[in-house]
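Student: Numbering (this note's numbering), first residue to last: 14 to 353.
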Amino acid sequence: MTIHIGLIGGGNITETHARAARAIPSVEIAAIYGSNHERVGALCHAHGGKPYQDFDAFLAHRPMDLVAIGSPSGLHAAQGIAAAGRGLHVLTEKPIDINTRRADALIEATQRAGVKLGVMFQDRAKPGIRQLREWITTGVIGKPLLADARVKWYRPPDYYSQSRWRGTLALDGGGALINQAIHTIDLLLWLLGDVIRVQARTATALHKIEGEDTALAILEFSSGMLGVLQATTAAYPGYPRRLELTGSEGTVILEQDRIVAANLRHPLPDGGDSIAPDENQSASSAVVNDYRGHQALFEDFIHAVESDTKPICDGHEGRRSVALVEAIYRAERNSDGRAV
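(1) Could you compute how far the alpha carbon of G47 sits from the alpha carbon of G152?
(2) Nearest to Y65 by CA position, among E51, Q269, D78, is which residue?
(3) Based on the DSSP output, what are the partners of G260 in its beta bridges?
(4) Using DSSP's beta-bridge definition, name the partner residues of I45.
(5) Using the C-alpha atoms, what's the distance from G180 back to A81?
(6) Are at least three pairs of beta-carbons, each pair with one atom in the stretch 200 to 207 and one in the stretch 164 to 182, less than 8 Å apart?
(7) Got a sec, what are the start and stop residues for the beta strand (DSSP E) F234 sits in?
(8) Taking I364 as part of the beta strand (DSSP E), name the residues at either end of that continuous run.
(9) Between R32, W166, Q144, E106, which has its C-alpha nearest N302's C-alpha?
(10) Give me, in chain order, the residues of the same chain whose beta-carbon lies closer than 8 Å to that of R143; leave out the 5 immediate sequence neighbours on both sides.
(11) By the 10 Å Cβ neighbour count, where 16 or more other Cβ atoms means buried, how is E330 classified, buried or exposed?
(12) Hey, H30 and P76 are a contact pair by Cβ (cut 8 Å); roughly how many whole angstroms apart?
(13) Which ranges would you report for the alpha helix (DSSP H) in the stretch 55 to 125 if only whole runs of at least 4 residues count?
(14) When you compare the CB positions of A230 and I341, do they come within less than 8 Å of one another, or not?
(15) Would you grab the beta carbon distance between S235 and I209 for me? Rounded to a whole angstrom, and I think it's under 8 Å.
(16) Determine, using beta-carbon pairs with one atom in the stretch 310 to 327 and one in the stretch 96 to 111, whether at least three such pairs fall under 8 Å.
(17) Look at the alpha carbon of R5 and the alpha carbon of A336, and state the distance between them as a whole number of angstroms.
(18) For G285, name the three-state secondary structure that DSSP assigns.
(19) Measure the alpha-carbon distance for E28 versus R278 and round it to whole angstroms.
(20) Tell me the rounded alpha-carbon separation between P108 and N192.
(21) Give me, in chain order, the residues of the same chain whose beta-carbon lies closer than 6 Å to that of L256; leave out the 5 immediate sequence neighbours on both sides.
(22) Under a CB-based cut-off of 8 Å, is A59 close to chain D?
(23) Answer yes or no: the CB of I21 versus the heavy atoms of the ligand GDP, is any distance below 7 Å?
(24) What's the call for P416, buried or exposed, on a 16-neighbour Cβ count within 10 Å?
(25) Quick one: what does DSSP say T27 is sitting in, helix, strand or coil?
(26) Kindly indicate which residue of Q135, G62, W166 has the alpha-carbon position closest to the one of P250.
(27) With distance defined between alpha-carbon atoms, name the residue in K323, N347, I315 nearest to D78.
(28) For V273, report the span of its beta strand (DSSP E) as first-last.
(29) According to DSSP, is T245 helix, strand or coil?
(30) Could you tell me the boundaries of the alpha helix (DSSP H) in which G141 lies?
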């Protein structure tokens, strides 16, 4: 059965969505909506589909089974709610929106309409990360003790200055934490469970934006495990994301979504070295050239639609990272910052 997809947005990520969707044999791009006529036209010329600048007309296009939202973060819930009201399944880019109130409204709307809701945390589908989760679940690393997550990326000034929404509170919801680090926050929650206590500091150190470009958080998980999260878009020239997990039976290091070290008390024969790393240059660029992760998310979501099962990251799961971001921002606001 052919699945007809509508794409919302005309930026770099919609190009990624189009390439990922077209790589699936059973998928056709039905329509693309965006505010930039030339950009949407070029996307349709390259990938198929009918261009729209009228959102209501786009939602009325048929055949269309689901929409993939790649618009600014602060528009995700409103556009998803409108799509659900037309009986369309909704797959939205991260974050689900910029606060939990809007996330809850979208979750409720999709449940009321009887359609599926998914959030694009494609890291959950990557082989190295899934292997690490299995190791945690099966006790390979023992009792988890400490996590060190680093998102030390770089974005040049024009990344923000040439955008109407990046780094703004209204459409981005903040800065480096809710945009660039949100994947890592979701990963920590997915791998390690809920966070029950937070301490945090943020700063706008380099860029002229409303949100933060640098953040540091100390996290206490419900298991008792402690973690440190560093996130920035000011670390020139940008470094691959790195996650170090220490348990009672050893330490595992994940870099560029690949296990690069597994120093275990009882070593395993396969250390994950055969898994190909993510080829995206996320540390220094917002362009997503390697669409394999998004393709896997599309395939998973389509399977959930066709089999009436839960996608790998549904609305409730997608909400968790936004709730933690809110908690980090709240902890930062409530701290007076005094050393003594």
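Built from N, CA and C at the ideal position, the CB exists for glycine as well.
Tutor: In brief:
(1) 47 Å
(2) E51
(3) P157, G263
(4) L20, P64
(5) 22 Å
(6) no
(7) 227 to 234
(8) Limits of the chain in this structure are 14 at one end and 353 at the other, which puts residue 364 out of reach.
(9) R32
(10) R137
(11) buried
(12) Their Cβ separation, rounded to whole angstroms, is 18 Å, which puts H30 and P76 out of contact at 8 Å.
(13) 68 to 72, 89 to 98
(14) yes
(15) 5 Å
(16) yes
(17) Absent from the structure is residue 5, since the part of the chain shown begins at 14 and ends at 353.
(18) Here G285 scores only 46 on pLDDT, less than 50, and its place in the model is too uncertain to base an answer on.
(19) 45 Å
(20) 7 Å
(21) A162, L267
(22) The structure shown contains no chain D, having only a single protein chain.
(23) Among the components modelled here there is no ligand, and therefore nothing to report on the ligand GDP.
(24) Coverage of the chain is limited to positions 14 through 353, which leaves residue 416 absent and any answer about it impossible.
(25) helix
(26) W166
(27) I315
(28) 271 to 277
(29) strand
(30) 140 to 150
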